[in-house]
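Note sheet for the following structure.
Residue numbers (our numbering), protein chains in the order written: chain A, 1 to 428; chain B, 1 to 333.
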């Protein structure tokens, strides 16, 4: 990046904050297609898997769109924690099941929202689709190609909605960047994309089984650790490329309107040699048709870069940082940084006017009221679930259906193969 | 791919997403003239982000022309040479000087782009306020006064009648830049946008219904003063809530009355709504200095100008003068 010396001295992090405008904008805005309850009332939904991610989805259920009737999970502690969320959100309690098949059999459900470990996606999703349920499945799509192809075919055959949970598709910042920057050619020709998701911490989770006699082997996990830390073992997981990289590649595919064809990768367990199988550092380079190259890095030893998607064009650079803050830079000497922010309209004023507020005003200046800036709209995840319910009720289009999600999955699998074999892999 | 594509599947498999991106504002912004310049678009106009960015380039261009903080600017050059020579200036700058001259006369001298020596002697140029000695104020006053700036329309030249004079467009430049940006956007086919600079200067391009809602909240007023809906027009606000110093409990704001040499007093905030950003900017400063009597007189004599003044008394009384055809004002009780 072409930074001035003054900006360099501020440090890269401060620089990003400075040019991003005063406060970083939070994720915002509901899609216009979904105002209020959809015709036919809230969709009758069951949850399968209410661990960390499942509960993140549960927290984002808008009762105008979905009514959570039942929840299935093999871990009773997760079900209890999910009960608390429903209670806190003033939603009626949902019936508990251990076996999701029992839930499908006994409950009058229209749709399933599922966040189970990756290796179970294909089985759970196809069973639900075969039972006539619409499905919103947490990303990535499936553990292997056979799995996601089966999911696609089953959805088509059953004529049911299958949405894969890549929430960037519902994030107003990404949508604005797509409409306003990518589609309008502001960047010129884009030949390079850089994706980074850097963290400084251990992916391994600490946690005890729900009871002394809890037997994980009943569910295919030889130990409690394999269930609790399924992301660290190849049998259940596809590692960082799946859990983090596929999000960013999914957004990149959307922005570029195509999908990558070839990938090279490396990586390994470099820092946390604790018996895990999936690497804690991964690096991939991949090529799109027409000469666009992307890189993705995910490391667990330094968080300075945080996470961003950067699109480098002949006329400018677009950076979307931490999913909540988009920045645009003109290309060339003397270029001035331009920020792009997105905020919900809400009911208040478009702007508050006062005497001139200097760009670097200190704490003495009164903060603008929350009604015009800094207001939080529904989260992208909430919009995602609303959209899914609208699709179920009205057939409105999905932002990330199976075809789109399958391209991200294909990239993930190819990147892992390339990393394991140290050879370039053709995708698809 | 599945063998049979249903309509729903077809749609769900589509890469593109043709739905409206939702009800939100897109703010495209950049730092220029030491404040935030912003073009605000409604999400359905997201296709104009590129045009907004080009308009921000215009703000940079105006800054390069007007700034007194860079030796290379046209105004810096003018300030260096105009006491000795007739200085040629470009058409845009000359027009702005002519307009500044008119505004000076129309506001009984309250608006004056030559008041920099006074701001300097009160320490506001370095943002280190100080009480000056009386003779320092008098010396500064000798070097202030728009009548001492001679404009030659035929040759488009400028000459200072007194040594030590300085032009500074701080009280009109932001509105002027927004006007130029708005012209560019209009020419580029943008029908709706809300342009602002440092929150104090606003230019509305088009607007749905009654127009863009802009809340009036001068920083020294303890409340929201009013709500304004504006279509196609400029809004300027002056006040001293951001730049002031206090000595012995007395507050000295950065807006100096060029006629007395002392900081203006009596008004907490002045907002002006009129057809263009430059005039709105300049008049808000003039009315901040000249108070309700000037605002009333000016608005009575000039159609399509509205002024909202919050008085610096215990009740923070608000007075409204005149009207603007593209504006609806709702006062807070």
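In this text, a Cβ means the ideal position worked out from N, Cα and C, and glycines have one as well.
All values derive from a computational prediction rather than experimental measurement.
Alpha carbon to alpha carbon, how far is residue 280 of chain B from residue 134 of chain B? The count along the second chain starts at 1 and reaches residue 280 of chain B at position 280. The count along the second chain starts at 1 and reaches residue 134 of chain B at position 134. If I take the Cα positions, the gap works out to 32 Å.
Which same chain residues end up closer than 6 Å to residue 264 of chain A when comparing Cβ atoms and leaving out the 5 residues on each side of it in sequence? Here residue 264 of chain A refers to the residue found at position 264 when the first chain is read from its first residue. Excluding positions up to five away in sequence, the list reads 285, 418 and 424.
I'd like to check one pair, residue 427 of chain A with residue 261 of chain A: are the Cβ atoms closer than 7 Å? Numbered from 1 along the first chain, position 261 holds the residue referred to as residue 261 of chain A. Numbered from 1 along the first chain, position 427 holds the residue referred to as residue 427 of chain A. Yes, the pair counts as a contact, with Cβ atoms nearer than the cut-off.
Please report the distance separating the alpha-carbon of residue 179 of chain A from that of residue 401 of chain A. Position 179 of the first chain, counted from the start, is the residue given in the question as residue 179 of chain A. Position 401 of the first chain, counted from the start, is the residue given in the question as residue 401 of chain A. Each residue's alpha carbon lies about 19 Å from the other.
Report back the beta-carbon spacing between residue 330 of chain B and residue 199 of chain B to the nearest angstrom; my notes put them in contact at under 8 Å. As a position in the second chain, residue 330 of chain B is number 330, starting the count at 1. As a position in the second chain, residue 199 of chain B is number 199, starting the count at 1. Not really, about 20 Å apart at Cβ, beyond 8 Å.
Which residues of chain A have a Cβ atom closer than 8 Å to the Cβ of residue 212 of chain B, listed in chain order? In the second chain, the residue the question calls residue 212 of chain B occupies position 212. Ordered by position in chain A, the residues that pass the 8 Å Cβ test against residue 212 of chain B are 350 and 351.
Beta-carbon of residue 242 of chain B versus every beta-carbon of chain A: anything under 7 Å? On the second chain, position 242 is the one that residue 242 of chain B refers to. Yes, residue 242 of chain B counts as interfacial toward chain A.
Mind pulling the beta strand (DSSP E) runs of 3 or more residues that sit fully within the stretch 113-148 of chain A? The stretch 113-148 of chain A contains, as complete beta strand (DSSP E) runs of 3+ residues, the segments 134-138 (chain order).
Does residue 152 of chain B come out as helix, strand or coil in the three-state DSSP assignment? Numbered from its first residue, the second chain carries residue 152 of chain B at position 152. Note: residue 152 of chain B maps to strand in three-state DSSP.
Below 8 Å on C-beta distance, what does residue 43 of chain A contact in chain B? Taking the first chain and counting its residues from 1, the one referred to as residue 43 of chain A is at position 43. Here the premise fails: no neighbours, minimum Cβ distance about 15 Å.
Name the residue from B/66, B/167 and B/28 whose alpha carbon lies nearest to the alpha carbon of residue 51 of chain B. The residue given as residue 51 of chain B occupies position 51 in the second chain. Ranking the options by Cα distance to residue 51 of chain B, first place goes to B/28.
Distance between residue 98 of chain A and residue 108 of chain A (C-alpha atoms, nearest Å): As a first step, residue 108 of chain A is located in the first chain; it is residue number 108 there, counting from the start. As a first step, residue 98 of chain A is located in the first chain; it is residue number 98 there, counting from the start. Approximately 17 Å between the Cα atoms of the pair.
Identify the continuous alpha helix (DSSP H) that holds residue 84 of chain A and give its terminal residues. Numbered from its first residue, the first chain carries residue 84 of chain A at position 84. It spans 76-88 - the alpha helix (DSSP H) in which residue 84 of chain A sits, taken as one unbroken run.
Just the C-alpha distance for residue 156 of chain B and residue 298 of chain B, rounded to the nearest angstrom, thanks. Translated into the one-based positions of the second chain, residue 156 of chain B becomes position 156. Translated into the one-based positions of the second chain, residue 298 of chain B becomes position 298. Distance between the alpha carbons of residue 156 of chain B and residue 298 of chain B: 29 Å.
What residues in its chain sit with their C-beta under 6 Å from that of residue 104 of chain A, if we drop five residues either side in the sequence? Here residue 104 of chain A refers to the residue found at position 104 of the first chain. Excluding the 5 residues flanking it on each side, residue 104 of chain A has same chain C-beta neighbours closer than 6 Å at 131, in chain order.
Where residue 328 of chain A meets chain B, residues with beta-carbon distance less than 9 Å: Position 328 of the first chain, counted from the start, is the residue given in the question as residue 328 of chain A. Those are 28, 49 and 53, listed as they occur along chain B.
Does the stretch 341-361 of chain A touch the stretch 197-207 of chain A, meaning 3 or more C-beta pairs lie closer than 8 Å? Judged by Cβ distances under 8 Å, the stretch 197-207 of chain A makes no contact with the stretch 341-361 of chain A, as fewer than three pairs qualify.
Less than 7 Å between CB atoms is the rule here; does residue 114 of chain A satisfy it with respect to chain B? Indexing the first chain from 1 puts residue 114 of chain A at position 114. Output row for residue 114 of chain A: interface = no.
Sorted by chain position, which residues of the same chain lie with C-beta nearer than 8 Å to residue 205 of chain B's C-beta, five sequence neighbours on each side aside? Position 205 of the second chain, counting from 1, holds the residue named residue 205 of chain B. Only 182, 185, 186, 190, 191, 192, 193, 194, 195 and 232 meet the Cβ criterion.
Given this structure, state the Cα-to-Cα distance separating residue 56 of chain A from residue 116 of chain B, to the nearest angstrom. Along the first chain, one-based indexing puts residue 56 of chain A at 56. Along the second chain, one-based indexing puts residue 116 of chain B at 116. When the Cα atoms are used, residue 56 of chain A and residue 116 of chain B turn out to be separated by approximately 58 Å.
Beta-carbon proximity check, residue 389 of chain A vs residue 100 of chain A, cutoff 7 Å: Residue mapping note: residue 389 of chain A aligns to position 389 of the first chain, counting from 1. Residue mapping note: residue 100 of chain A aligns to position 100 of the first chain, counting from 1. No, Cβ-Cβ distance for residue 389 of chain A and residue 100 of chain A is not below 7 Å.
Taking Cβ positions only, does residue 354 of chain A come closer than 7 Å to chain B? Residue numbering aside, residue 354 of chain A sits at position 354 when the first chain is read from its first letter. With 7 Å as the cut-off, residue 354 of chain A counts as an interface residue toward chain B.
Using CA coordinates, which residue listed in A/331, A/346, A/349 and A/318 is at the minimum distance from residue 340 of chain A? In the first chain, residue 340 of chain A corresponds to position 340, counting from 1. Nearest option by C-alpha distance: A/318.
In angstroms, rounded to a whole number, what distance separates the CA positions of residue 203 of chain B and residue 111 of chain A? For the purposes of this step, residue 203 of chain B is taken as the residue at position 203 of the second chain. For the purposes of this step, residue 111 of chain A is taken as the residue at position 111 of the first chain. So the two alpha carbons sit approximately 49 Å from each other.
With distances taken Cα to Cα, identify the nearest neighbour of residue 264 of chain B among B/44, B/295, B/38 and B/110. Locating residue 264 of chain B in the second chain gives position 264, where the first residue counts as 1. With distances taken between CA atoms, residue 264 of chain B lies nearest to B/110 out of B/44, B/295, B/38 and B/110.
Against residue 269 of chain B, what residues of chain A qualify as contacts under a CB-to-CB distance less than 9 Å, listed in chain order? Residue mapping note: residue 269 of chain B aligns to position 269 of the second chain, counting from 1. Per Cβ cutoff of 9 Å: 354 and 355.
Going by the beta-carbon positions, is the gap between residue 447 of chain A and residue 187 of chain A smaller than 7 Å? Residue 447 of chain A lies beyond the range of chain A shown here (1 to 428); nothing can be said about it.
Would you tell me roughly how many angstroms separate the C-alpha atoms of residue 258 of chain B and residue 40 of chain B, rounded to the nearest one? As a working note, residue 258 of chain B is residue 258 in the second chain. As a working note, residue 40 of chain B is residue 40 in the second chain. Answer to the nearest angstrom: the Cα atoms are 35 Å apart.
Contact between the stretch 82-91 of chain B and the stretch 146-162 of chain B: three or more CB pairs below 8 Å? yes
Using the rule of at least 16 other Cβ atoms within 10 Å of the residue's Cβ for burial, across every protein chain shown, is residue 246 of chain B buried or exposed? Translated into positions along the second chain, residue 246 of chain B becomes position 246. Answer is exposed; the Cβ neighbour count stays below 16.
Taking the alpha carbon of residue 139 of chain A as the reference point, which residue from A/124, A/196, A/119 and A/166 has its own alpha carbon closest? By 1-based counting over the first chain, the position of residue 139 of chain A is 139. Ranking A/124, A/196, A/119 and A/166 by CA distance to the CA of residue 139 of chain A puts A/166 first.
By the 7 Å beta-carbon criterion, what residues does the stretch 119-147 of chain B contribute toward chain A? none
Sequence-distant residues of the same chain with beta carbon closer than 7 Å to residue 228 of chain A, five excluded per side: Translated into positions along the first chain, residue 228 of chain A becomes position 228. Around residue 228 of chain A: 205 and 207.
Can you confirm whether residue 116 of chain B, when its beta carbon is compared against all beta carbons of chain A, has any partner nearer than 7 Å? The sequence position of residue 116 of chain B within the second chain is 116, counting from 1. For residue 116 of chain B, the answer is no, since every Cβ of chain A falls outside 7 Å of its Cβ.
Can you tell me which of A/135, A/220 and A/350 puts its alpha carbon nearest to the alpha carbon of residue 229 of chain B? Against the second chain, residue 229 of chain B aligns to sequence position 229. The option with the nearest alpha carbon to residue 229 of chain B is A/350.
Partners in chain B for residue 294 of chain A, counting only beta-carbon separations shorter than 9 Å: Residue numbering aside, residue 294 of chain A sits at position 294 when the first chain is read from its first letter. Within 9 Å Cβ-Cβ: nothing; residue 294 of chain A doesn't reach chain B, min ~17 Å.
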